[in-house]
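First the structure, in the form of structure tokens, and then the observations on it.
Protein chains in written order, with UniProt numbering: chain A, 1 to 309; chain B, 1 to 271.
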């Protein structure tokens, strides 16, 4: 399947004096799931709306394989998207909602039933959206995005309101798309929600890009810390020094920085050091994410915030 | 345009609103038509002080009742037409609509055509309602139902056309004023309050009469060629434009609001 990547270049949006998105540039590769992350109000939704031609950028471009969304013929057959779980007419049935879009997507009623089946809403197809739970609305949004069997899928906060089983199901679905060579872009304000789904991350804060890499690249930013208890702490320190890991002590335990639990355990085992406890306390990715996206310190607070950053 | 129109027709008929408003329209028109037909039927036997009829009789009475659809009924296609747009903004389905069709002129065009379809449906319903409610009364107690007279057939036929125009005006207006509450307030306020007063003033003050002709309700009466309002205000339709003029004025309202919708409201970001 010929799939298209997404290229965002110099994208900027100003609302009066407020700059919501500021010279944003990143690429989304085909065949991978990319997480588009940032705290609430960081400009994620505005970026996605510019990507999809709903909001006119002040400057810059966002293209799918070189073509702007608004210039794609029958765009829903190339790019499927779901932006808000609330954008349904409450008085329309789930099937009715899909049928209002089907003519322009270019699909028939059979396909509407097919995507409802795919997202597990077949039973609720004839019920009005008014009675749908948040999770069901998310599924209907996903069905809408999939209606045209697109190569590119753009979802805004798709895990919101899904129960844990729903999140696992969504993860498998998105992984499946990526494995078949499609491009998947998923936004979220919670890294943990998409951590086990995404291959790449694009992180923005205050409308600017703060980080873009593979998930492994983000993990490299996490501080590694292993807590070791041993009757012979001096031997732990010696082994750590030999491997070039820094050590400190909190009295009862030795803290080893710069290595993973398996690395420390393996080293101490080969050295024959007796261990009573070994705990991997690597800083969570979520903390890295928080650190990256926390507001920049104001000039006067530089000293207080400096240590954290 | 074909798929866009098909989508708009599906949007229109996939919620309950269209038949709820149709039901209210039918009930309201039936009631007023019955009351007016009865009062005209029983009033024709009495005469004014100088022997001249105070109220229309004969085929005039029939035409007056049958043209009720316009002053009484037109608010319904206007309201429903406006909801083709305002409902999309209220429920944020405009996002999904523009995702499947980013060309906003196509969206507007499809809604205007869907509005015409809606107006034709409402027009046929309205005509059927006034005929079924009024004709038996006029036929049995009045001067006759005049169902086959050319004046009656003309009023009934043009009513359907006028309803289509009202609905299209509603669509274009809703595209301009996308806030549903604001659109309803303006439409109800204008049709039930502003325009009747403006037309009454126009019929009393000669210098204002040419201006009042161009009000949408007056233009619609011009298309029908008779008016429930003017038959009682002592007029004979002399204050109205010719039929083609009325049609042009209605189309001008559609064009002006559609242009405002396209170049003011639909140019904005959809957030």
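Beta carbons: idealized from backbone N, C-alpha and C, even for Gly.
Using only CA atoms, which one of the options lies nearest to residue i?
{"i": "residue 79(A)", "options": "96(B), 265(B), 192(B)", "result": "96(B)"}
{"i": "residue 70(B)", "options": "127(B), 239(B), 145(B), 85(B)", "result": "127(B)"}
{"i": "residue 171(B)", "options": "156(B), 199(B), 114(B)", "result": "114(B)"}
{"i": "residue 22(B)", "options": "152(B), 73(B), 143(B)", "result": "73(B)"}
{"i": "residue 274(A)", "options": "249(A), 281(A), 229(A)", "result": "229(A)"}
{"i": "residue 136(B)", "options": "34(B), 64(B), 103(B), 178(B)", "result": "34(B)"}
{"i": "residue 7(A)", "options": "184(A), 14(A), 170(A)", "result": "184(A)"}
{"i": "residue 77(A)", "options": "96(A), 92(A), 102(A), 60(A)", "result": "102(A)"}
{"i": "residue 264(A)", "options": "251(A), 110(A), 250(A), 282(A)", "result": "282(A)"}
{"i": "residue 30(B)", "options": "130(B), 66(B), 261(B)", "result": "130(B)"}
{"i": "residue 162(A)", "options": "120(A), 15(A), 220(A)", "result": "120(A)"}
{"i": "residue 272(B)", "options": "178(B), 119(B), 61(B)", "result": "Lying outside 1 to 271, the shown extent of chain B, residue 272(B) is not represented and no answer is given."}
{"i": "residue 232(A)", "options": "242(A), 246(A), 75(A), 252(A)", "result": "252(A)"}
{"i": "residue 110(B)", "options": "260(B), 8(B), 68(B), 224(B)", "result": "8(B)"}
{"i": "residue 147(A)", "options": "138(B), 99(B), 139(B), 159(B)", "result": "99(B)"}
{"i": "residue 88(B)", "options": "181(B), 146(B), 204(B)", "result": "181(B)"}
{"i": "residue 116(B)", "options": "42(B), 84(B), 178(B), 217(B)", "result": "84(B)"}
{"i": "residue 25(A)", "options": "218(A), 262(A), 212(A)", "result": "212(A)"}
{"i": "residue 153(B)", "options": "63(B), 205(B), 76(B)", "result": "63(B)"}
{"i": "residue 93(B)", "options": "242(B), 178(B), 223(B), 199(B)", "result": "178(B)"}
Taking only three categories from DSSP, how would you classify residue i?
{"i": "residue 15(A)", "result": "strand"}
{"i": "residue 162(A)", "result": "coil"}
{"i": "residue 71(A)", "result": "helix"}
{"i": "residue 172(B)", "result": "helix"}
{"i": "residue 167(B)", "result": "helix"}
{"i": "residue 10(A)", "result": "strand"}
{"i": "residue 221(B)", "result": "helix"}
{"i": "residue 16(B)", "result": "coil"}
{"i": "residue 206(B)", "result": "helix"}
{"i": "residue 89(A)", "result": "coil"}
{"i": "residue 247(B)", "result": "helix"}
{"i": "residue 213(B)", "result": "coil"}
{"i": "residue 281(A)", "result": "coil"}
{"i": "residue 258(B)", "result": "helix"}
{"i": "residue 35(A)", "result": "strand"}
{"i": "residue 227(A)", "result": "strand"}
{"i": "residue 117(B)", "result": "helix"}
{"i": "residue 157(A)", "result": "coil"}
{"i": "residue 274(A)", "result": "coil"}
{"i": "residue 139(B)", "result": "helix"}
{"i": "residue 52(B)", "result": "Any reading at residue 52(B) needs caution, since the residue's pLDDT is 49, under 50, leaving its predicted position unreliable; the model's value is listed next. Residue 52(B) falls in the coil class under three-state DSSP."}
{"i": "residue 103(B)", "result": "coil"}
Applying the criterion that 16 or more other CB atoms from any shown protein chain within 10 Å of the CB defines a buried residue, is residue i buried or exposed?
{"i": "residue 192(B)", "result": "exposed"}
{"i": "residue 195(A)", "result": "buried"}
{"i": "residue 138(A)", "result": "buried"}
{"i": "residue 89(A)", "result": "buried"}
{"i": "residue 239(B)", "result": "buried"}
{"i": "residue 213(B)", "result": "buried"}
{"i": "residue 276(A)", "result": "exposed"}
{"i": "residue 131(A)", "result": "exposed"}
{"i": "residue 236(A)", "result": "buried"}
{"i": "residue 75(A)", "result": "buried"}
{"i": "residue 102(B)", "result": "buried"}
{"i": "residue 263(B)", "result": "exposed"}
{"i": "residue 165(A)", "result": "exposed"}
{"i": "residue 246(A)", "result": "exposed"}
{"i": "residue 36(A)", "result": "buried"}
{"i": "residue 217(B)", "result": "buried"}
{"i": "residue 305(A)", "result": "With a pLDDT of 37 at residue 305(A), under the threshold of 50, the predicted position of this residue should be treated as unreliable, though the coordinate-derived value follows. By the 10 Å Cβ count, residue 305(A) comes out exposed."}
{"i": "residue 269(B)", "result": "exposed"}
{"i": "residue 197(B)", "result": "exposed"}
{"i": "residue 217(A)", "result": "exposed"}
{"i": "residue 210(B)", "result": "exposed"}
{"i": "residue 10(A)", "result": "exposed"}
{"i": "residue 16(B)", "result": "exposed"}
(message) For the structure I just gave you, are there three or more beta carbon pairs, one from the stretch 192-201 of chain A and one from the stretch 259-275 of chain A, closer than 8 Å?
(response) no
(request) Taking a Cβ distance cut-off of 7 Å, strictly less, list which residues of the stretch 82-93 of chain B are near chain A, in chain order. (result) 87, 91, 92, 93
(request) Kindly confirm or deny that the stretch 48-64 of chain A and the stretch 71-88 of chain B touch, where touching means at least three C-beta pairs closer than 8 Å. (result) no
(request) Would you check if there are 3 or more beta carbon pairs closer than 8 Å linking the stretch 147-155 of chain A to the stretch 166-184 of chain A? (result) yes
(message) Does the contact criterion of 3 or more C-beta pairs under 8 Å hold for the stretch 156-166 of chain B versus the stretch 237-256 of chain B?
(response) yes
(request) Could you name the residues of the stretch 24-58 of chain A whose beta carbon sits closer than 7 Å to any beta carbon of chain B, in the order they occur along the chain? (result) 49, 52, 53, 54, 55, 56
(message) I want to know whether the stretch 40-48 of chain A touches the stretch 14-29 of chain A - three or more CB-CB distances under 8 Å.
(response) yes
(request) Could you please tell me which residues of the stretch 124-158 of chain A, in chain order, have their CB closer than 7 Å to any CB of chain B? (result) 144
(message) So if I threshold CB-CB distances at 7 Å, which residues from the stretch 68-85 of chain A count as touching chain B?
(response) 69, 70, 75, 76, 81, 83, 84
(message) Residues of the stretch 7-28 of chain B in Cβ contact with chain A at a cutoff of 8 Å, in chain order, please.
(response) 7, 10, 11, 14, 15, 16, 17
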